[in-house]
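Data block below; observations after.
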Amino acid sequence: MSVRLGEVESISEARGVAAVKVFISVDMEGISGVVAWEHTESEKPEYARFRRLMTGEANAAIAGALAGGATEILVNDSHGGMKNILIEELNPAARLVTGGQKPLSMMEGIDGTFDLVLFVGYHARAMARGVLAHTFTGRIRKLSINGREVGETGMNAMIAGAFGVPVGLVTGDAVLEREAREFFGGNIEFATVKIPTGYYSANCLPPERAQEVIREAARRAVERARDFKPVVPGRPATWEVTWQLSANADACMMVPGVERVDDTTVRFTHDDYLVGFQTFRALASL
Amino acid sequence: MKIYISADIEGVSGVVAVEQCDQRSGEYQRARRLLTGEVNAAVAGAIAGGATEVLVNDAHGGKKNILIEELDPRARLLTGDPKPLSMMAGLDASYAGAILIGYHSRAASRGVLNHTVSGRVRRLVVNGREVGEAGMNAGIAGYFGVPIIMVAGDDVLEREVRDFFGAIANPVEFATVKIARGRYAADCLSPERARELIAATARRAVERSEDFKPYDAGTPVTFEVTWQLSANADMAMALPGVVRVDDTTVRFTHPDHIVAYHCFRAMVALAG
Numbered sequence: 002m003s004v005r006l007g008e009v010e011s012i013s014e015a016r017g018v019a020a021v022k023v024f025i026s027v028d029m030e031g032i033s034g035v036v037a038w039e040h041t042e043s044e045k046p047e048y049a050r051f052r053r054l055m056t057g058e059a060n061a062a063i064a065g066a067l068a069g070g071a072t073e074i075l076v077n078d079s080h081g082g083m084k085n086i087l088i089e090e091l092n093p094a095a096r097l098v099t100g101g102q103k104p105l106s107m108m109e110g111i112d113g114t115f116d117l118v119l120f121v122g123y124h125a126r127a128m129a130r131g132v133l134a135h136t137f138t139g140r141i142r143k144l145s146i147n148g149r150e151v152g153e154t155g156m157n158a159m160i161a162g163a164f165g166v167p168v169g170l171v172t173g174d175a176v177l178e179r180e181a182r183e184f185f186g187g188n189i190e191f192a193t194v195k196i197p198t199g200y201y202s203a204n205c206l207p208p209e210r211a212q213e214v215i216r217e218a219a220r221r222a223v224e225r226a227r228d229f230k231p232v233v234p235g236r237p238a239t240w241e242v243t244w245q246l247s248a249n250a251d252a253c254m255m256v257p258g259v260e261r262v263d264d265t266t267v268r269f270t271h272d273d274y275l276v277g278f279q280t281f282r283a284l285a286s287l
Numbered sequence: 035m036k037i038y039i040s041a042d043i044e045g046v047s048g049v050v051a052v053e054q055c056d057q058r059s060g061e062y063q064r065a066r067r068l069l070t071g072e073v074n075a076a077v078a079g080a081i082a083g084g085a086t087e088v089l090v091n092d093a094h095g096g097k098k099n100i101l102i103e104e105l106d107p108r109a110r111l112l113t114g115d116p117k118p119l120s121m122m123a124g125l126d127a128s129y130a131g132a133i134l135i136g137y138h139s140r141a142a143s144r145g146v147l148n149h150t151v152s153g154r155v156r157r158l159v160v161n162g163r164e165v166g167e168a169g170m171n172a173g174i175a176g177y178f179g180v181p182i183i184m185v186a187g188d189d190v191l192e193r194e195v196r197d198f199f200g201a202i203a204n205p206v207e208f209a210t211v212k213i214a215r216g217r218y219a220a221d222c223l224s225p226e227r228a229r230e231l232i233a234a235t236a237r238r239a240v241e242r243s244e245d246f247k248p249y250d251a252g253t254p255v256t257f258e259v260t261w262q263l264s265a266n267a268d269m270a271m272a273l274p275g276v277v278r279v280d281d282t283t284v285r286f287t288h289p290d291h292i293v294a295y296h297c298f299r300a301m302v303a304l305a306g
């Protein structure tokens, strides 16, 4: 009968090679060269340059993962409208999840069959001094989960953790590096592709060098995939969001189960972290 | 052996957004190149499987998306619009089989960019069977005695097509180039892999083209259309012979499948 995607995917298993499945979530603000919102917005002329750089860093992570022993790679486009990566320039060894909205957003496609997660082009959390630092939306000042302040790195690491999958590599700027090392207790590979000199400026590695650094870090991460531990979210998980404006918090109060903590802060609790994440997405869209 | 290829765009790997299918958008240039690549793969596969003549019909929107200068020169291209039989223009009884590339699932399903001919159509039923464009066009091909031998698109379309052709002895070959993750998102094969898969599938389909049976919708043929709005049904009532079924549903019956199909196209044009 017909050839199915699933059959194509399992060639390595058929050959008796141990399958190593790697999931790569690729954001844009942490790519070397990106320092301005206009670099990341699809309607701006500069965007065409930076989506190509983003594709280049994704390819570097794929090449490194393959060199480290990955047999199957799924790349999830995780920025904005989530159709930035040029599929025609992406390494054909990977599949690409493209487009949005997606239920798991920056982590769409993850499940318990993956061995390792890599975050490429990530940025520091809201109110940090990293390049284009934010958490999910510009309206959020602070996100805490079970009392721990997190950025997108921590939030998404716990989505992977809910499926029992660890994160092995994060790439981005030097401010994110500190955030990630603290979050993962030091046990993480990090590729520092730029050093912030302000919110909209950075001392950047040339793309070629950035891609070498990412490739090497991805290879190391996949080679020692078993050293990393999943960050399993607590059960229940309480999400607390502080917004820029009280108006943002007002809008959240329409959603069942959300309580007001103070003028700009709301809170909700779910047993299942992934249900909590859906609620968080809903609040961020209101 | 003559093989016919109808090429739409929403089912091409890498295509997930409305703007990619809209020629006024910058993203369209990428999508039409991806489309041309998948069509070339189908042409190469068909020829490897024994086709001696291949006609490609551009079947999306304004129907001039495929880059003729990048198309495999072994194929002819039917480009431009309007044309009689639309997505199946140029087909006749001399073809041994028809291949549908870049197709999408029917309206109100959960596939990538799902719809049926127009965003105004919520449901299309031909002779009692709910169809999307794949099933609708299988009926046109069947009218000429030509079987659909292969379809390419997402996994939701695959289920739709398998369900539709399930009753026939030899179900069509299918190349699943992406897995829907929502109406505007998908887990996509890289273009290179998608093309390999399409070429291999097209080759196999053409090699065993004699196994397939044309789809016979029966006669007379009834097109029953449920629209998004009662206003769309109101407009369809302007056509002679169209009968109102309920607030948003109309029906048209004719002994000749092609006449009934053209009346459906007229209703869609009137619905705006």
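So the sequences go chain by chain: G and W. When we follow my numbering, the leftmost residue of the first sequence carries the number 2, and every step to the right adds one. When we follow my numbering, the leftmost residue of the second sequence carries the number 35, and every step to the right adds one. Quick reminder that beta carbons are idealized off the backbone N, C-alpha and C, glycines included.
Within chain G, G100, G101 and Q102 have C-beta atoms less than 8 Å from the C-beta of W/Y218, given in sequence order. Across the set G/F24, G/F229 and G/E224, the C-alpha of G/F24 shows the shortest separation from the C-alpha of G/T114. Per DSSP, G/T265 lies in no alpha helix (DSSP H) and is assigned neither H nor E.
W/R229: member of the alpha helix (DSSP H) spanning P225 to E241, first to last residue. The straight-line gap separating the alpha-carbon atoms of W/H288 and W/G60 is approximately 43 Å. Residue-level contact by beta carbon fails for W/P181 and chain G, as no gap is shorter than 8 Å. Taking 8 Å as the upper bound on Cβ-Cβ separation, chain G lies near residues L223, S224, P225, E226, R227, L231 and A234 of the segment 223-234 of chain W. At a cut-off of 8 Å between C-beta atoms, G/E39 does not count as an interface residue with respect to chain W. If the five residues before and after W/S152 are omitted, its C-beta is found closer than 8 Å to the C-beta atoms of V302 and A305, all from its own chain and listed in chain order.
Per DSSP, the unbroken alpha helix (DSSP H) holding W/V302 starts and ends at H291 to A305. Any Cβ of chain W closer than 8 Å to the Cβ of G/I88 would place that residue at the interface, and such an atom is present. Annotated as proximal: G/M83 and G/G100, with beta-carbon spacing under 8 Å. Two segments are said to touch when three or more pairs of C-beta atoms, one from each, lie closer than 8 Å; by this definition the segment 136-148 of chain G does not touch the segment 180-197 of chain G.
When C-alpha distances from G/Q212 are compared across G/L105, G/H271, G/E260 and G/R53, the shortest belongs to G/R53.
Excluding the 5 residues flanking it on each side, W/V284 has same chain C-beta neighbours closer than 8 Å at E258, V259, W261, A267, A270, M271, V276, V277, R278 and M301, in chain order.
No Cβ of chain G is located within less than 8 Å of the beta carbon of W/A168. When only Cα atoms are considered, W/H149 and W/R140 end up about 5 Å apart.
Close to chain G, meaning a Cβ-Cβ distance shorter than 7 Å, is no residue of the segment 236-265 of chain W at all. For W/H288, there is no enclosing alpha helix (DSSP H); the residue is found in the beta strand (DSSP E) stretching over T283 to H288.
Between G/A125 and G/D78, the C-beta gap is not smaller than 8 Å, which leaves the two residues out of contact. Using a CB distance below 7 Å, the part of the segment 91-125 of chain G facing chain W consists of L91, P93, A95, R96, L97, V98, T99, G100, G101, Q102, K103, E109 and G110, ordered along the chain.
In this structure, G/A248 is the residue among G/E224, G/A248, G/G110 and G/P231 with its C-alpha nearest to the C-alpha of G/V267. Counting every other CB atom within 10 Å of its CB across the protein chains shown gives G/L246 a total below 16, marking it as exposed.
In the structure shown, the three-state DSSP call for G/M107 is helix. Within chain G, not a single residue places a beta-carbon under 7 Å from that of W/R144; the smallest gap is close to 12 Å. Under a 10 Å Cβ-count criterion, G/G199 is classified as exposed, with fewer than 16 other Cβ atoms of the shown protein chains found around its own Cβ.
In terms of Cα proximity to W/L223, the closest of W/F178, W/V180, W/A209 and W/A76 is W/A209.
Taking every protein chain shown into account, the CB of G/Y48 has 16 or more other CB atoms within 10 angstroms, so this residue is buried. Interface with chain G (8 Å Cβ-Cβ cutoff): W/V50 is included. The bridge partners DSSP lists for G/F120 are G/S26 and G/V171.
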